[in-house]
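Asks: Going by my numbering, the sequence shown opens with residue 337, and the numbers climb by one from there. The structure under discussion is supplied below as structure tokens; questions concerning it will follow.
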Amino acid sequence: MGILLRLLSFQRKYWLATLGAYFSLLAATAFSLLVPRLVGQAVDSVLSQGEPRLLLLLALAILLASALRGGFAYAQAYLVEYISQKVAYDLRNALYDRIQHLSFSFHDRAQTGQLMSRATSDVEGVRWFVGFGLQRTVNLVVLLGAVSFLLLSLNWRLALVSFAILPFVAVRAAVVARRLRPIWLAIQQTTAEVGVVLQESLSGVRVVKAFGQEAAQSAKFEVKNRKVYDLNLAANRIQAFNTPFMSFLLALATALVLWYGGRDVVGGNLTPGQLTQFFLYLVMLSMPVRMLGFIVNLFSRATSAGQRVFEILDAMPEVRDRPGARPLGTVRGLVRFEEVSFSYEKRAPVLADVSFEARPGEVVALVGATGSGKTTIVSLLPRFYDVSAGRITIDGTDLREATLASVRGAVGVVQQDVFLFSATIRDNIAYGVPGAGLEEIKAAAKVARLHDFIESLPQGYDTWVGERGITLSGGQKQRLAIARTLLADPRILILDDVTSSVDTETEYYLHLALEELMRGRTTFIVAQRLRTVKRADQILVLHQGRIVERGRHEALLAQGGRYREIYDLQLRDQEEALGPTEAGVGRDAHEFHAPS
């Protein structure tokens, strides 16, 4: 009930529409209840009084009551649907907003398909509860109360006979609810698992085809899909028995009324019109009672869906603004790591006592084997995660004392795996600065060595980029990411291995763009290429989460330590490949003035 009541709280701001909907429900119910009374009086007027004039008036009254009932029923149906769609709209927005603001640690654990399922099928389950299940329940309660009162006022003995089925109805509803809730929770969970498999298969379709694993993926999907099928069948099996069982109970009540009431009519204790009213009121109850199983089904589904939705809404971002956090202000770019340690979810430390300083405008290269902590360092700087111990400062301000927005605005990131949105090239470049003008966008593209390519396209900057930038090459995507970062104009820059997966020629043109991007900015580079390492003012050599060496390229080589090992294993082969191109780095650079 706690989950259901919390779901209903989303209706609170639509209280006026809710009031109108339930007023319309009560009015429609009242006019529906009037019709059997009028029919009963019509029967008695014909059989006992023989008054055709009164019969005509009663017929017109029945027609008017039915028309008014239809009008209020329309208003109720419209308003209830309006409210349910608004609640679903608000829930989806709340879910999306919370997912966007949750920390990287949450997204490290979460599966995309699971999150998509909660924002779609689970929200839809809630919408059905708010729009259909709840109003049907209210309708059943109001109708049952009103009909009970009317039947008792007509003949209390016959009313008690007709009520004999109610305990069986209540027990059956409770049993069905208890059995359906765990099934629906399993259905919601397994449906999400189907979404996970589907999402992974579609995102990795090239890998699937490259390794000829179509059959294996289909089999994996079939297992999850079969589970959803079996669970739905189990739920429907319960529902399929429940509906005819409810109908049988109503038929039993009708038979009892016919037997007992018929005797009262013969004995003169009940008029034919009153017996007719009994039958018509029982018929009115038949549809809501038959729907009771479906209503219980909706409540069970909504409870399960609400539980999954609130798991997301109740999740708190681990990295968030502290009370009293202030913007960084104008950033010069002085970065200090002071005895920084970090571990993911209380596992073994990834970083231990890391301390260094990067002065404004310096280039710092991070070198080390896989798992040495390079990416972790550059993930801590924009506060994708918070340090476990120690502190990181920008211009002397602890990052945790500054607002997240100001930290993220001061630190720009260009990653190896560039993500582009399904939008135009112009929109993708201006993603960090939505109000940027076309000339500013073109200036950034020119510095990134991308303008000429864009201009060669039939639609230029309005060319649509396919999903995840699939229509662009790796080098083009990297240069677009550089242009996007240039336009945002951060004072501190992170280049996360951006040239490790491109060919030598593409790397050369990327470096031309990167030289302009790094100019005047404090830059951190996760480096795998010799040209990048030799360019650095300071090289930090990491091993098992610690800085074991630091210095410039030549000095570290001369030490013959860990850096020399990395050089011999990974970088020496690139020495001859550089040739005269290294001297060309920085030539033909266009001046770029980023927006202030």
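For glycine and all other residues, C-beta sits at the position ideal for the given N, C-alpha and C.
Cβ atoms of ALA746 and ILE730: under 8 Å apart, would you say?
Replies: A contact, by the Cβ cut-off of 8 Å.
Asks: Spell out the partners DSSP gives ASP734 in its beta bridges.
Replies: For ASP734, which the question treats as bridged, DSSP gives the partners THR729.
Asks: Measuring only the C-alpha atoms, how far is PHE928 from GLU851?
Replies: The predicted position of PHE928 is uncertain, since its pLDDT is 36 and thus under 50; no value can be drawn from it.
Asks: Give me the Cα-Cα distance between SER457 and GLN524, rounded to the nearest whole angstrom.
Replies: Approximately 8 Å between the Cα atoms of the pair.
Asks: Should MET652 be labelled buried (16 or more other beta-carbon atoms within 10 Å of its own) or exposed?
Replies: When all chains shown are included, MET652 counts as exposed.
Asks: Based on the DSSP output, what are the partners of PHE440 in its beta bridges?
Replies: Looking at the DSSP assignment, PHE440 forms no beta bridge with any residue, so it has no partner.
Asks: My assumption, with CB atoms under 8 Å, is that LEU516 sits in contact with PHE614. Please give the rounded CB distance.
Replies: So it is not a contact: roughly 33 Å between Cβ atoms.
Asks: For ALA571 and LYS563, I'd like the C-alpha separation in whole angstroms.
Replies: ALA571 and LYS563: Cα-Cα distance of roughly 12 Å.
Asks: Just how far apart, CA to CA, sit GLY732 and SER345?
Replies: In a straight line, the C-alpha of GLY732 is about 45 Å away from that of SER345.
Asks: Could you tell me which of ASN633, ALA528, SER498, VAL750 sits nearest to LYS560, measuring between CA atoms?
Replies: Measuring from the Cα of LYS560, the nearest candidate turns out to be ALA528.
Asks: Contact defined as beta carbons within less than 8 Å: I believe THR858 pairs with VAL671. What is the distance between those atoms, to the nearest angstrom?
Replies: Contact flag correct, Cβ pair sits at about 6 Å.
Asks: Taking only three categories from DSSP, how would you classify GLY748?
Replies: If DSSP states are grouped into helix, strand and coil, GLY748 belongs with the strands.
Asks: Should VAL507 go down as buried or exposed, given a rule of 16 or more other Cβ atoms within 10 Å for buried?
Replies: Flag for VAL507 reads exposed.
Asks: Starting from HIS879, follow its DSSP beta bridges and name the residues at the other end.
Replies: Per DSSP, ARG882.
Asks: Taking the alpha carbon of VAL459 as the point to measure from, which residue in LEU427, LEU892, GLN814, SER715 has its own alpha carbon closest?
Replies: The shortest Cα separation from VAL459 among LEU427, LEU892, GLN814, SER715 belongs to LEU427.
Asks: Note down the Cα distance separating ALA930 from LEU822, rounded to an integer number of angstroms.
Replies: With a pLDDT of only 38 at ALA930, under the threshold of 50, the placement of this residue in the model should not be trusted; the figure read from the coordinates follows. For ALA930 and LEU822, the distance between alpha carbons rounds to 7 Å.
Asks: Please report how far the alpha carbon of ASP873 lies from the alpha carbon of ARG744, in whole angstroms.
Replies: Rounded to whole angstroms, ASP873 to ARG744 spans 24 Å at the Cα level.
Asks: With a floor of 4 residues, list each alpha helix (DSSP H) that falls wholly inside the stretch 565 to 635, ordered by position along the chain.
Replies: As far as the stretch 565 to 635 is concerned, its whole alpha helix (DSSP H) runs of at least 4 residues are 608 to 626.
Asks: Hey, out of ALA759, ALA894, LEU392, whose CA is closest to VAL375's CA?
Replies: Cα-wise, what sits closest to VAL375 is LEU392.
Asks: With three or more beta-carbon pairs closer than 8 Å as the criterion, would you say the stretch 360 to 374 touches the stretch 400 to 409?
Replies: Flag = yes, the stretch 360 to 374 and the stretch 400 to 409 touch.
Asks: On the CB-based measure, 16 or more other CB atoms within 10 Å of its CB, does GLY669 come out buried or exposed?
Replies: Classification for GLY669: buried.
Asks: For the pair the stretch 671 to 680 and the stretch 702 to 719, tell me if three or more CB-CB distances fall below 8 Å.
Replies: Enough Cβ pairs lie closer than 8 Å, so yes.
Asks: Pair every Cβ in the stretch 343 to 358 with every Cβ in the stretch 465 to 479, then say whether three or more of these pairs are closer than 8 Å.
Replies: A contact exists between the stretch 343 to 358 and the stretch 465 to 479.
Asks: Beta carbon of VAL655: closer than 7 Å to some heavy atom of the ligand SAM?
Replies: Absence of the ligand SAM from the depicted structure is noted, as is the absence of any ligand whatsoever, leaving it without description.
Asks: TYR899 and LEU905 look like a contact to me (Cβ under 8 Å); what is the Cβ gap, rounded to whole Å?
Replies: Going by Cβ atoms, the distance from TYR899 to LEU905 rounds to 11 Å, so no, they are not a contact pair.
Asks: Quick check: the stretch 684 to 703 against the stretch 750 to 757, are at least 3 beta-carbon pairs closer than 8 Å?
Replies: The stretch 750 to 757 vs the stretch 684 to 703: no contact.
Asks: Please classify GLN421 as buried or exposed, where buried requires at least 16 neighbouring CB atoms within 10 angstroms.
Replies: By the neighbour-count rule (16 or more Cβ atoms within 10 Å), GLN421 is not buried but exposed.
Asks: Between LEU361, LEU756, VAL686, which lies nearest to LEU470 when the distance is taken from Cα to Cα?
Replies: Per the Cα distances, LEU361.
Asks: Assuming contact is defined by CB atoms lying nearer than 8 Å, are VAL877 and VAL703 in contact in what I supplied?
Replies: Yes.
Asks: Decide if the stretch 589 to 607 is in contact with the stretch 479 to 496; the criterion is three or more beta carbon pairs, one per stretch, under 8 Å apart.
Replies: Yes, the stretch 589 to 607 touches the stretch 479 to 496.
Asks: Mind listing, in chain order, the continuous alpha helix (DSSP H) runs of no fewer than 4 residues lying wholly within the stretch 442 to 510?
Replies: Counting whole runs of 4 or more residues, the stretch 442 to 510 contains the alpha helix (DSSP H) stretches 448 to 453, 459 to 464, 470 to 490, 492 to 498.
Asks: Where DSSP assigns a beta bridge to ALA694, which residues make up the other side?
Replies: Answer by DSSP bridge pairing, in chain order: VAL671.
Asks: Count the CB pairs spanning the stretch 808 to 823 and the stretch 768 to 783 that are closer than 8 Å, and state whether there are at least three.
Replies: Verdict: yes, contact present.
Asks: Keeping to the same chain, check which residues put their C-beta closer than 7 Å to that of ILE574; ignore five residues upstream and five downstream.
Replies: Once the five neighbours on either side are set aside, the close Cβ partners of ILE574 are VAL512, ARG515, LEU516.
Asks: Could you spell out the range, first to last residue, of the beta strand (DSSP E) harbouring PHE367?
Replies: Segment 351 to 380 is the alpha helix (DSSP H) holding PHE367; no beta strand (DSSP E) there.
Asks: How long is the line joining the alpha carbons of THR739 and ASN568, rounded to whole angstroms?
Replies: The alpha-carbon atoms of THR739 and ASN568 are separated by roughly 47 Å.
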